[in-house]
Each structure stands twice: as structure tokens, then as C-alpha cells.
Amino acid sequence: MSNKLKITAVSGGAGKPSRTSALLEEITSRINQAIAIDLHLIELSQISAPLGATASRTELPEAIQADIAAIESADVLVVATPVYRATYTGIFKHLFDLVDQNALLDVPVLLAATGGSDRHALIIDHQLRPLFSFFQALTLPVGVYATESEFVDYKLDSKSLDERIDLAVSRALPFFKSRQ
Ligand SMILES: Cc1cc2nc3c(=O)[nH]c(=O)nc-3n(C[C@H](O)[C@H](O)[C@H](O)COP(=O)(O)O)c2cc1C
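When the letters of the sequence shown are read in order and numbered with the working numbering, they come out as residues 280 to 459.
Structural data, given as C-alpha cells:
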């Protein structure tokens with residue numbers, strides 16, 4: 280039996296390339312430097328059309344049903360969304376509307392977001408955290424918010440962002456290790 284930490288990572292980025300996906304990739308890669316992980320990555324840009332076409336889980340293609348099952352069975356979630364109109368995207372919410380409401384009890388969730396402006400950094404605490412509190416998940420104290428100015432060509436390019444990711448990951452690791 281593998282004792283790798285099962286991480287399901289969700290990027291709400293609407294296109295490719297995506298700053299949100301780049302941020303998520305960096306966070307999961309730093310977790311992987313500290314702890315062995317088994318990563319299931321969900322990029323909403325890749326599934327948004329079939330996902331958005333139905334409100335019924337059983338009507339979804341099998342691969343997307345497997346994505347939702349991977350959210351529900353993860354040891355840990357890392358979720359990242361771009362800010363759209365001051366909150367997460369509609370398709371991001373739609374994905375979590377299809378997740379069983381009892382499946383994420385006590386699951387550690389590292390929250391992350393990207394936006395055009397510093398002024399929407401509270402998306403982490405005012406939008407993402409309440410959503411995962413609904414699920415009674417364990418939202419981790421330190422999330423990561425990054426602005427467009429901290430990326431060049433969709434790649435991370437900011438010492439401060441680098442340090443914020445390190446802080447979030449180092450504070451998350453004790454919670455993650457307790458799930459192994
Ligand atoms: C339709 C739309 C709405 C947006 N609304 C906001 C917003 O309210 N606040 C903000 O800070 N950035 C806003 N942005 C900027 C995006 O959040 C930002 O560019 C983000 O990094 C995009 O992520 P991506 O590269 O993964 O697509 C918006 C962008 C779009 C396309």
C-alpha cells in the first residue's frame with residue numbers, strides 16, 4: 280500500500296496558459312519536495328464545457344465523475360481560482376456543487392487565488408474559506424494570493440510570492456503529515 284499523500288489539486292483557470300494553474304503547480308511541486316505525493320490535477324479549462332452542460336453528476340462524462348470522486352477521496356485538497364467579478368468563477372462553484380456535502384469533513388484544504396488587483400486578496404478569506412467551511416473541511420490558516428504583476432509570461436516572477444508560497448506550504452505540512 281502506498282503511503283503517498285493523495286492530493287487533488289483544482290485549478291479554476293479558464294484558459295491555457297493560466298497564472299492560476301502556474302501558481303497551483305508551484306505549490307504542489309513544493310509540497311512534493313517535502314513529502315511524497317500522489318497528485319490528481321483537475322484543470323477546469325479542460326472540462327468546463329461538459330461540466331457546465333449539466334447539473335446532474337450522473338450525466339457527466341466518466342472522466343469528470345472520476346475527477347469529482349478524486350476530490351471526495353483526497354487526503355488533502357489544494358484549490359486555486361482566478362478572481363472573476365470579485366469571487367471564484369461560476370464553473371468552480373458548479374464543480375463543488377456536485378461534490379458530496381459530507382465528503383470533505385476535516386480534509387485539509389490549502390486555498391489559493393490569482394487576480395488582477397491586490398484589492399481582491401480577501402477572496403481567500405471571504406469567498407473560498409466559507410465555501411469549504413460549508414463542507415466542514417479544514418481550511419488551512421495561510422492561503423496564497425498572487426496578482427498578475429507577479430507573473431511574467433504566465434510564470435511566477437516575484438520574490439515576495441515565492442516567500443508567501445514557502446510560508447503557506449511550511450505551515451501546511453504538519454496538517455498534511457497527519458493525514459498520511
Ligand atoms: C471576466 C474576468 C473578470 C475578472 N474579475 C476580476 C476581479 O474582480 N478582480 C481581480 O482582481 N481580477 C479580476 N480579473 C483578473 C483575473 O483574476 C486575473 O487575470 C487572473 O490572474 C486570471 O487567471 P488565469 O491566468 O488563471 O486565467 C478578471 C478577469 C476576467 C477575465
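Ideal Cβ placement from N, Cα and C applies to all residues, glycine included.
In its own chain, which residues sit with a C-beta less than 7 Å from the C-beta of residue i, not counting the 5 before and 5 after it?
i: Phe371; result: Gly291, Leu323 and Thr360
i: Ile403; result: Leu390, Ala392, Gly422 and Tyr424
i: Pro340; result: Pro329
i: Ile314; result: Leu284, Leu452, Phe455 and Lys456
i: Glu442; result: none
Which word fits residue i, buried or exposed, when buried means at least 16 other C-beta atoms lie within 10 angstroms of its C-beta?
i: Met280; result: Because Met280 carries a pLDDT of 49, less than 50, the predicted location of this residue cannot be relied on, and the following value inherits that uncertainty. By the neighbour-count rule (16 or more Cβ atoms within 10 Å), Met280 is not buried but exposed.
i: Pro387; result: buried
i: Ala328; result: exposed
i: Leu284; result: buried
i: Thr307; result: buried
i: Glu338; result: exposed
i: Leu374; result: buried
i: Leu446; result: exposed
Closest to residue i by CA distance: which of the options is it?
i: Gly422; options: Val357, Val386 and Leu284; result: Val357
i: Gln408; options: Leu419, His399 and Arg398; result: Note that residue 408 is Arg in the sequence shown here, rather than Gln. When only C-alpha atoms are compared, the closest one is Leu419.
i: Thr287; options: Ala315, Asp354 and Tyr424; result: Asp354
i: Ile321; options: Ala313, Ile314, Leu330 and Ala315; result: Leu330
i: Leu383; options: Arg364, Ala416 and Asp441; result: Ala416
i: Asp385; options: Pro296, Glu305 and Phe455; result: Phe455
i: Val289; options: Ile343, Thr333, Gln380 and Ala334; result: Ile343
i: Gln294; options: His319, Leu318 and Ile326; result: It is worth fixing the name first, because residue 294 is Gly in this sequence and not Gln. Of His319, Leu318 and Ile326, the residue nearest in Cα terms is Ile326.
i: Ala334; options: Ser437, Ser439, Leu401 and Asp376; result: Asp376
i: Ala332; options: Gly369, Leu440, His319 and Lys438; result: Gly369
I'd like the list of long-range same chain contacts for residue i, defined as Cβ closer than 8 Å, with 5 residues on each side in sequence excluded.
i: Ala301; result: Phe430, Tyr433, Lys434 and Leu435
i: Val378; result: Ile347, Ile350, Glu351 and Phe414
i: Arg298; result: Gly292, Pro361, Thr393, Ala425, Glu427, Phe430 and Tyr433
Once you ignore the five residues that flank residue i on each side, which residues in its own chain have a CB closer than 6 Å to its CB?
i: Phe411; result: Val388 and Thr418
Taking the Cβ atom as the reference point for each residue, do residue i and residue j lie within a distance shorter than 7 Å?
i: Gln406; j: Tyr367; result: yes
i: Arg448; j: Ile310; result: Before going on, a small fix: residue 448 reads as Val here, not Arg. Yes.
i: His399; j: Ala365; result: yes
i: Glu304; j: Ile444; result: no
Would you say the beta carbon of residue i comes nearer than 6 Å to a heavy atom of ligand 2?
i: Gly394; result: Ligand 2 is absent from the structure shown, which contains only ligand 1.
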